[in-house]
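Residue numbers (our numbering): 6 to 363.
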């Protein structure tokens, strides 16, 4: 019978753990996993991952320990469980298995998810991402892949695009559509209030449309996955409404029509940076492309908007952007606990021992 590496004299006893037979020390509560057993346990514990290969992907080597392998009695090596996941485990240098202390067992349960997620979050910038951003001036996102198809995000992109194209092909139809633009002077007098919503689906140029739809797609798929299709739509429209009201409040006498989805999308930015903190968005510093945390990327974006508003930049509803962003932050903060319960992968990603490379 094998000895416990931690207690040394205590014997390991067979036990069932997530349906698989492993060895436990009844004295300290640690578990010994023979080669292949941890992968089998993780696959059994998580229905979404049938094939798990955590054992073959050890993290940072922390050096030898004083613990002996129960199988071959060699001093074991301490590693992080995964690259980027700083949960410490002890591995046999000859590959016979690994030892996990009792207080670290719970932190291994999500290893199968994290192995997949870290591969997506830790993607590297390369010549393809550089060329894309240099030519388009659009950032590249590194985030987990949604579990569900974001059909509401796709539908919003489609509706916005069809309205714009229809307005180009038919000037009469375009004139009808653009009657839905939001005019602060009208709204401040209680007139044409429907424009608070209709203006969100109108765009003034191809670049206006493409830029907005790209950022809607970039942030919308993950937010829709976390919220559900209809809640996502509701919060999207609510942020757009807040953006239009903010623009009206700052200049209620303006007769300049305001159009675009950017206020609603700015609200998505606020929720995204609170909920997907381990994601990365690239920023181009002249010709140098760098992955940034969402809060840094959107802080730069806020600064650009404040600068534009302070210098009197024309043709952009800066206050609508900032108002929508503030609404998204408020909603994101208010719903943070609820969305983590509904979408527990956010709790996994916010684990303090999870480190993302940027």
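Even for Gly, the Cβ is constructed at its ideal location relative to N, Cα and C.
Counting C-beta atoms within 10 angstroms of its own C-beta, residue 285 has 16 or more neighbours from the protein chains shown and is therefore classed as buried. For residue 229, the three-state secondary structure derived from DSSP is helix. Spanning the alpha carbons of residue 248 and residue 318 requires a straight line of approximately 18 Å.
In this structure the stretch 320–339 lies against the stretch 255–265, because at least three pairs of beta carbons, one per stretch, are closer than 8 Å. With fewer than 16 other Cβ atoms inside 10 Å of its own Cβ, residue 79 counts as exposed. In the three-state scheme derived from DSSP, where H, G and I count as helix and E and B as strand, residue 241 is classed as helix. The closest CA to that of residue 279, considering only 238, 294 and 332, is found on 332. Runs of the alpha helix (DSSP H) lying entirely within the stretch 299–353, each at least 4 residues long, are 299–315, 323–339 and 341–347 in chain order. In the three-state reduction of the DSSP assignment, residue 65 falls in the coil class. Around the Cβ of residue 171, a 10 Å sphere holds fewer than 16 other Cβ atoms; the residue is exposed. Membership of residue 46 in the alpha helix (DSSP H) is indicated by the continuous run 42–50. Burial state of residue 113 is buried, judged by a 10 Å Cβ sphere holding 16 or more other Cβ atoms. Counting only runs of at least 4 residues, the stretch 203–228 fully encloses no alpha helix (DSSP H) element at all. If you draw a straight line from the Cα of residue 86 to the Cα of residue 218, it comes to about 39 Å. Residue 285 sits in a strand when the DSSP states are folded into three classes.
Apart from sequence neighbours up to five positions away, the residues of its chain that approach residue 122 with a beta-carbon distance below 7 Å are 149 and 354, ordered along the chain.
Taking C-beta separations shorter than 8 Å and ignoring five residues to either side along the sequence, the partners of residue 256 in its chain run 189 and 324, following chain order.
A residue is called buried once 16 or more other Cβ atoms fall within 10 Å of its Cβ, and residue 37 is buried on that count.
In the DSSP assignment, residue 30 forms a beta bridge with 17.
When secondary structure is reduced to three states using DSSP, residue 297 falls in the strand class. In this structure, the straight-line span from the alpha carbon of residue 27 to that of residue 138 is close to 50 Å.
Secondary structure note for residue 84: its beta strand (DSSP E) is the uninterrupted segment 80–87. At a Cβ-Cβ threshold of 7 Å, residue 107 and residue 24 do not count as neighbours.
Within the model, the alpha-carbon separation for residue 147 versus residue 302 is close to 13 Å. Beta-bridge analysis with DSSP links residue 143 to no other residue.
Note on geometry: alpha-carbon atoms of residue 125 and residue 293 lie some 22 Å from one another. For residue 39, there is no enclosing alpha helix (DSSP H); the residue is found in the beta strand (DSSP E) stretching over 36–39.
Per DSSP, residue 277 is not a residue of any beta strand (DSSP E); the alpha helix (DSSP H) it occupies stretches across 267–280. Fewer than three pairs of CB atoms, one per stretch, sit closer than 8 Å, so the stretch 206–218 makes no contact with the stretch 230–242. Taking 7 Å as the cut-off, the Cβ atoms of residue 283 and residue 363 do not count as close. Going by C-alpha positions, residue 10 is about 11 Å away from residue 97.
As the crow flies, the alpha-carbon of residue 132 is around 27 Å from that of residue 274. Annotation for residue 192: the continuous alpha helix (DSSP H) segment containing it runs 189–193. A straight-line Cα-Cα distance of about 25 Å links residue 251 and residue 169.
The C-alpha of residue 127 is placed about 16 Å away from the C-alpha of residue 356. The three-state reading of DSSP puts residue 152 in coil, since its state is none of H, G, I, E or B.
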